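Okay, so here's the structure we're looking at.
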Amino acid sequence: MTHVVVPRIDAARAWRDAARDLLLSQVPPQEVTWGDTRQDRGLFDTPGPPGPARPVTGSVTVPRSFLQMADTVVWHADPARFARLYAFLWRLIEAPHLMSDRGDAHLSQLRQMEKNVRRCQHKMKAFVRFREIGDPAGPRRSFAAWFEPTHHTVEPTAGFFARRFADMDWRILTPDISAVFEDGKVRFEEDHPRPDLPDDASEILWVTYFRNIFNPARLKVKAMQSEMPKKYWKNMPEAAAIPDLIAGAPARAREMALNAPGLPPPRMAAVQAQQAHLTSAWDGPADDLPRQVSACTRCPLHRTATQAVPGEGPLSARLMIVAEQPGDQEDLQGRPLVGPAGQLFDRIADDAGLDRNGAFVTNAVKHFKFRPRGRQRIHQRPDAGEIQHCRWWLEAEIQLVRPAVILALGATAALSLTGSGADLMQRRGNVETGPDGIPVLITLHPAYLLRQPDADKKAAATEHFRNDLGLARHMSENTVFPRTHA
Amino acid sequence: MSQVIAPWFLRTYTEHMVKKTLEQKLAILSDAAKYDASCASSGSTKRDSRGGKSLGSNEGSGICHAYAPDGRCISLLKILMTNFCIYDCSYCINRVSSNVERARFSVDEVVKLTIEFYRRNYIEGLFLSSGIIRSPDTTMLDMVRIARKLRHEENFRGYIHLKTIPDAAPELIEEAGLLADRLSINVELPTDASVKQHAPEKSPEQIRRAMADVRLRKEVARDRSHTGKRPPRFAPAGQSTQMIIGADAATDTTVLGQSTRLYASYKLKRVYYSAFSPIPDASSRLPLISPPLQREHRLYQADWLLRFYGFDLREITGHHQSGNLDLDIDPKLSWALAHRGLFPVDVNRAPRELLLRVPGFGTKTVGRILSSRRHRSLRYDDLHRMGAGLKKARAFITAGGWSPGALTDSAGLRARFAPPPEQLSLF
Numbered sequence: 120m121t122h123v124v125v126p127r128i129d130a131a132r133a134w135r136d137a138a139r140d141l142l143l144s145q146v147p148p149q150e151v152t153w154g155d156t157r158q159d160r161g162l163f164d165t166p167g168p169p170g171p172a173r174p175v176t177g178s179v180t181v182p183r184s185f186l187q188m189a190d191t192v193v194w195h196a197d198p199a200r201f202a203r204l205y206a207f208l209w210r211l212i213e214a215p216h217l218m219s220d221r222g223d224a225h226l227s228q229l230r231q232m233e234k235n236v237r238r239c240q241h242k243m244k245a246f247v248r249f250r251e252i253g254d255p256a257g258p259r260r261s262f263a264a265w266f267e268p269t270h271h272t273v274e275p276t277a278g279f280f281a282r283r284f285a286d287m288d289w290r291i292l293t294p295d296i297s298a299v300f301e302d303g304k305v306r307f308e309e310d311h312p313r314p315d316l317p318d319d320a321s322e323i324l325w326v327t328y329f330r331n332i333f334n335p336a337r338l339k340v341k342a343m344q345s346e347m348p349k350k351y352w353k354n355m356p357e358a359a360a361i362p363d364l365i366a367g368a369p370a371r372a373r374e375m376a377l378n379a380p381g382l383p384p385p386r387m388a389a390v391q392a393q394q395a396h397l398t399s400a401w402d403g404p405a406d407d408l409p410r411q412v413s414a415c416t417r418c419p420l421h422r423t424a425t426q427a428v429p430g431e432g433p434l435s436a437r438l439m440i441v442a443e444q445p446g447d448q449e450d451l452q453g454r455p456l457v458g459p460a461g462q463l464f465d466r467i468a469d470d471a472g473l474d475r476n477g478a479f480v481t482n483a484v485k486h487f488k489f490r491p492r493g494r495q496r497i498h499q500r501p502d503a504g505e506i507q508h509c510r511w512w513l514e515a516e517i518q519l520v521r522p523a524v525i526l527a528l529g530a531t532a533a534l535s536l537t538g539s540g541a542d543l544m545q546r547r548g549n550v551e552t553g554p555d556g557i558p559v560l561i562t563l564h565p566a567y568l569l570r571q572p573d574a575d576k577k578a579a580a581t582e583h584f585r586n587d588l589g590l591a592r593h594m595s596e597n598t599v600f601p602r603t604h605a
Numbered sequence: 032m033s034q035v036i037a038p039w040f041l042r043t044y045t046e047h048m049v050k051k052t053l054e055q056k057l058a059i060l061s062d063a064a065k066y067d068a069s070c071a072s073s074g075s076t077k078r079d080s081r082g083g084k085s086l087g088s089n090e091g092s093g094i095c096h097a098y099a100p101d102g103r104c105i106s107l108l109k110i111l112m113t114n115f116c117i118y119d120c121s122y123c124i125n126r127v128s129s130n131v132e133r134a135r136f137s138v139d140e141v142v143k144l145t146i147e148f149y150r151r152n153y154i155e156g157l158f159l160s161s162g163i164i165r166s167p168d169t170t171m172l173d174m175v176r177i178a179r180k181l182r183h184e185e186n187f188r189g190y191i192h193l194k195t196i197p198d199a200a201p202e203l204i205e206e207a208g209l210l211a212d213r214l215s216i217n218v219e220l221p222t223d224a225s226v227k228q229h230a231p232e233k234s235p236e237q238i239r240r241a242m243a244d245v246r247l248r249k250e251v252a253r254d255r256s257h258t259g260k261r262p263p264r265f266a267p268a269g270q271s272t273q274m275i276i277g278a279d280a281a282t283d284t285t286v287l288g289q290s291t292r293l294y295a296s297y298k299l300k301r302v303y304y305s306a307f308s309p310i311p312d313a314s315s316r317l318p319l320i321s322p323p324l325q326r327e328h329r330l331y332q333a334d335w336l337l338r339f340y341g342f343d344l345r346e347i348t349g350h351h352q353s354g355n356l357d358l359d360i361d362p363k364l365s366w367a368l369a370h371r372g373l374f375p376v377d378v379n380r381a382p383r384e385l386l387l388r389v390p391g392f393g394t395k396t397v398g399r400i401l402s403s404r405r406h407r408s409l410r411y412d413d414l415h416r417m418g419a420g421l422k423k424a425r426a427f428i429t430a431g432g433w434s435p436g437a438l439t440d441s442a443g444l445r446a447r448f449a450p451p452p453e454q455l456s457l458f
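For the protein sequence lines, the chains are U and C, in the order given. Using this note's numbering, the first residue of the first sequence is number 120, and each one after it goes up by one. Using this note's numbering, the first residue of the second sequence is number 32, and each one after it goes up by one.
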């Protein structure tokens, strides 16, 4: 009898060498016993190769698929693995096609062992849990894990960890062989005692994640256990949470199903309003725009106003006049700039030689915003959100008309067209840049003139206003601005 | 042309955000992410960190680092960047009208969690999704920033899956595809009509255009330039999508028809089916039932038959008048029972296509049968060793030492596989 000792470290190469020598020496399987270093030799065994006793030369040819299988099977925990491999190899030399016969009982068993080892390797890649043992701020971080594999899988799997965690030191300690990776090199050590690893703060976060990614409405404990057998649980920090999660799941799922839907949170309206302005530009047919404006519900103003007031005037107008918002009269009549301020505008425009009917007249905000007081409706200035929502419509109108110049009446119009409604008194008479580069002439709103109690100031402001309207007329007649109709 | 005038959104964030710890945020934002079924980390380019300058590797096959008690694999750190959302999709726990608690990670927090989890071997990488905040572009930009920081500053070579926002700018999608292994866009529901009904802000056309765009970019990235240089690979692990099952009235025929079109049109790697699961603070527009897990399972089986077993859509659903799959038995068995005239099949002679149609035979078993029978005639016992599920297969095959006799045509054959009729539950 020949006895071959395969060492625990580098077993794959040792078995291959021994098997090749035995084959070349024509030693049949029944005359060999195999063991690793922990097993004692039989009473009548003689030490076999590797050794100088029988010098062997030459080579044997076996299918590559067998070598791949053998390289895996040698790591199986079954003490008979070396003998089984050699016995099959002995048959294979005579019948190379055996490798493709999955019905063969012997091969089938080896394939099963191969599968077990591969699965164990896979589980090791998955379930090793490192804890930090070095200084987290150090130049090279250092981690360690305690793992209990079913088969001798540390050595064939260490390469995976070396390829993955190359920029840190790590060690995977097991009751069998341990792998230590330092400064880019792996070494294997035998019989490490179980270490006492320090606590790791990231473990708490990981368990938090594990608890929350689980959906209690889909409890499938068997599916979990078949993939993550209980034998691995003791070295996985998250596993401690499992019994609790399972026990609480039915109640949590029931609670979810029974919980009546709550009222939407108050911020919802604001969020949806914000979202409305994100949608791209209006692109319907031109004659449909007034109807679309009338149906607008983009902001809450539509609930209290009588109607939305779309712009009016020829689509070929070179001048666009943008006022603030409809007032009491405009809201009732459904036409822009027809109330007291509108009438004042018309009078001054006449003086300045500006024909309002040749211009496109509209508002920055299309619905009337007001506060009821007794039997009156008190005008309220639209806020930034309402202006923002309505700018969508204003932009649509600008796209349709493509005016050469826009006249902005008052702060609201200025804000909507230029992004700022501040310092109007300083800015009036200025030409600024509006949407698509169209020039915007800033002026006061005629309602300002109506409200001005001081007669001198009123006269001065009216004079300014008249000049601005004159300038608007002049610009609309003379400005060369690339006007392209879509 | 759009300037945002009122920065109310930022205000809302800070008010919410001040007090939450990283752990609290993680709890909220992983809870918010769990309704996404995908956790795959397979099929990307092979790479590793040898040389010691980087961290992480990808070796082709994915690894499930843990399993939750719902039986699902945990392979990636699957989180939302934020669960604030301006959309109101009725099936989603993060919709604007839901009262769920809100949180938002900073870019650095996501990067740190990913790296620290990865170093401890908890995960294969990151699956980042997000509610839509402010605008699709802002949201996508933050996600790209996270991926950029992981790749370029942390030298992370693990897996990154980004959920793309359909309306985001093309430059952002382009960069996302170069940084991530996989991009995905959820079609959400099986029909355009249900998307419009349940996700009013989403546009099915836009979603399809986005998937088409990813496919085109992937294909362009495959072509060498005239100097023979290969451009950087775009989303090497491909794109996937998810459909929610059971939230609307769509039949399995509709669902599978949709996924067949998606596979063909956009070369998707996977279509995930997610049984609609009741969510906390659910919308009243949705059925409050336990998730149709069995239906989800049957759809996956049918999906596999379509992709790997040479089945045609009509063959799978054609013999069910309801348009739905048989819940009691798997779709292959169901097909075989409806086509008993083709059986029994002789395992020693039948062509590959027919062997693939035998219930209980998988693609691997069929491969083993084909290679083994070249050398000898196969017996019934051999099949067991080749991994065949003989409990199902035996009625449909003949082999050395075995003939099913009258079993194939027996009236009680279906009853052998279907679960016993269940008494209606009162609850």
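Don't be surprised by glycine CBs; every beta carbon is placed ideally from N, CA and C. Computed from a predicted structure; not experimentally measured.
1. Using only the alpha-carbon positions, how far apart do THR258 (chain C) and ARG188 (chain C) sit?
2. Just the Cα atoms here: how many angstroms apart are ALA71 (chain C) and ARG221 (chain U)?
3. When the Cα atoms are used, what is the spatial distance from ARG200 (chain U) to VAL193 (chain U)?
4. Name the DSSP bridge partner or partners of LEU293 (chain C)?
5. According to the Cβ coordinates, are ARG259 (chain U) and GLU251 (chain U) closer than 8 Å?
6. Tell me whether the region 311 to 318 of chain U and the region 218 to 233 of chain U touch, counting them as touching only if at least three CB pairs, one residue from each stretch, are closer than 8 Å.
7. Name, please, each residue of chain U whose Cβ falls closer than 7 Å to the Cβ of ASP244 (chain C).
8. By the 10 Å Cβ neighbour count, where 16 or more other Cβ atoms means buried, how is GLN273 (chain C) classified, buried or exposed?
9. Does the CB of ALA99 (chain C) have a neighbour CB from chain U at under 8 Å?
10. Would you tell me roughly how many angstroms separate the C-alpha atoms of LEU287 (chain C) and CYS418 (chain U), rounded to the nearest one?
11. According to a CB-to-CB cut-off of less than 8 Å, which residues of the region 316 to 329 of chain U neighbour chain C?
12. Grab the span of the alpha helix (DSSP H) containing ILE323 (chain U) for me, first residue to last.
13. Across the region 510 to 526 of chain U and the region 546 to 562 of chain U, are there enough close Cβ pairs to call them in contact, namely three or more that are closer than 8 Å?
14. Between the beta-carbon of CYS95 (chain C) and the beta-carbon of ILE110 (chain C), is there less than 8 Å?
15. Under 7 Å between beta-carbons, which chain U residues line up against GLY432 (chain C)? List them in chain order, please.
16. State the DSSP-derived secondary structure class of HIS229 (chain C), mapped to helix, strand or coil.
17. Check distances from the C-beta atoms of the region 296 to 310 of chain C to those of chain U and list, in chain order, the residues that come in under 8 Å.
18. Does the pairing of the region 279 to 299 of chain U with the region 86 to 101 of chain C give three or more beta-carbon distances under 8 Å?
19. Enumerated in chain order, which unbroken segments of the beta strand (DSSP E) with a length of 3 residues or greater are wholly contained in the region 204 to 274 of chain C?
20. Could you list which residues in chain C have their beta carbon closer than 9 Å to that of LYS353 (chain U), in chain order?
21. For ARG466 (chain U) and ASP474 (chain U), I'd like the C-alpha separation in whole angstroms.
22. Does the distance from the C-beta atom of ALA430 (chain C) to that of VAL378 (chain C) stay below 8 Å?
23. Does GLY82 (chain C) get closer than 8 Å to chain U when you measure Cβ to Cβ?
24. Using a C-beta cutoff of 8 Å, does MET188 (chain U) count as contacting chain C?
25. Would you say HIS96 (chain C) faces chain U, with C-beta separation under 8 Å as the test?
26. At a cut of 8 Å, does the region 230 to 248 of chain C reach the region 188 to 202 of chain C through at least three beta carbon pairs?
27. Of all Cβ atoms in chain C, is any one closer than 8 Å to the Cβ of HIS195 (chain U)?
28. For chain C, find out if any of its Cβ atoms is closer than 8 Å to the Cβ of LEU526 (chain U); answer yes or no.
29. Roughly how many whole angstroms lie between the Cα atoms of GLY403 (chain U) and VAL520 (chain U)?
30. Any chance you could list the beta strand (DSSP E) runs of at least 3 consecutive residues sitting entirely within the region 194 to 281 of chain U, in chain order?
31. From the DSSP output, read off the bridge partner residues of SER160 (chain C).
32. Determine the DSSP secondary structure at GLU443 (chain U), reduced to helix, strand or coil.
33. Using the Cα positions of VAL146 (chain U) and THR152 (chain U), report the straight-line distance between them to the nearest angstrom.
34. To the nearest angstrom, how far is the alpha carbon of PHE489 (chain U) from that of PHE584 (chain U)?
35. Does the region 135 to 152 of chain C touch the region 176 to 185 of chain C, meaning 3 or more C-beta pairs lie closer than 8 Å?
Reading off the structure:
1. CA-CA distance, THR258 (chain C) to ARG188 (chain C), rounds to 28 Å.
2. Using only the alpha carbons, I get a separation of about 31 Å.
3. Spanning the two alpha carbons is a distance of roughly 6 Å.
4. Answer is none; LEU293 (chain C) lacks a bridge partner.
5. Judged by their CB atoms, ARG259 (chain U) and GLU251 (chain U) are not nearer to each other than the 8 Å cut-off.
6. No: the two stretches stay apart, fewer than three of their Cβ pairs being nearer than 8 Å.
7. In chain order: nothing, as chain U lies at least about 17 Å away.
8. Label assigned to GLN273 (chain C): buried.
9. ALA99 (chain C) belongs to the set of residues whose beta carbon lies under 8 Å from a beta carbon in chain U.
10. It is roughly 41 Å from the alpha-carbon of LEU287 (chain C) to the alpha-carbon of CYS418 (chain U).
11. Of all residues in the region 316 to 329 of chain U, ASP319, SER321, GLU322, ILE323, LEU324, TRP325, THR327, TYR328, PHE329 have a Cβ within less than 8 Å of some Cβ in chain C.
12. Element bounds for ILE323 (chain U): 320 to 332.
13. Yes, since at least three Cβ pairs between the region 510 to 526 of chain U and the region 546 to 562 of chain U fall closer than 8 Å, the two stretches touch.
14. With respect to the 8 Å criterion, CYS95 (chain C) and ILE110 (chain C) are not classified as neighbours on the basis of their beta carbons.
15. Per Cβ cutoff of 7 Å: no residues; GLY432 (chain C) is ~12 Å from chain U at best.
16. The DSSP-derived three-state label of HIS229 (chain C) is helix.
17. Within the region 296 to 310 of chain C, those residues whose Cβ lies closer than 8 Å to any Cβ of chain U are, in chain order, ALA306, SER308, PRO309, ILE310.
18. Flag = yes, the region 279 to 299 of chain U and the region 86 to 101 of chain C touch.
19. Uninterrupted beta strand (DSSP E) stretches at least 3 residues long and entirely within the region 204 to 274 of chain C occur at 213 to 215, given in chain order.
20. Within chain C, no C-beta atom comes nearer than 9 Å to that of LYS353 (chain U); the closest sits roughly 14 Å away.
21. The alpha-carbon of ARG466 (chain U) is positioned some 11 Å away from that of ASP474 (chain U).
22. For the pair ALA430 (chain C) and VAL378 (chain C), the CB atoms are nearer than the 8 Å cut-off.
23. By this cut-off, GLY82 (chain C) is an interface position.
24. No, MET188 (chain U) does not count as interfacial toward chain C.
25. Between HIS96 (chain C) and chain U, the shortest Cβ-Cβ separation is below 8 Å.
26. Verdict: yes, contact present.
27. So, not an interface residue.
28. Under the Cβ criterion of 8 Å, LEU526 (chain U) is not counted among the residues facing chain C.
29. Distance between the alpha carbons of GLY403 (chain U) and VAL520 (chain U) is about 14 Å.
30. DSSP runs (the beta strand (DSSP E)) wholly in the region 194 to 281 of chain U: 261 to 265.
31. Looking at the DSSP assignment, SER160 (chain C) forms a beta bridge with C:LEU111.
32. Of the three classes helix, strand and coil, the one that applies to GLU443 (chain U) here is coil, per DSSP.
33. The C-alpha of THR152 (chain U) is placed about 11 Å away from the C-alpha of VAL146 (chain U).
34. When the Cα atoms are used, PHE489 (chain U) and PHE584 (chain U) turn out to be separated by approximately 26 Å.
35. They touch, by the three-pair rule.
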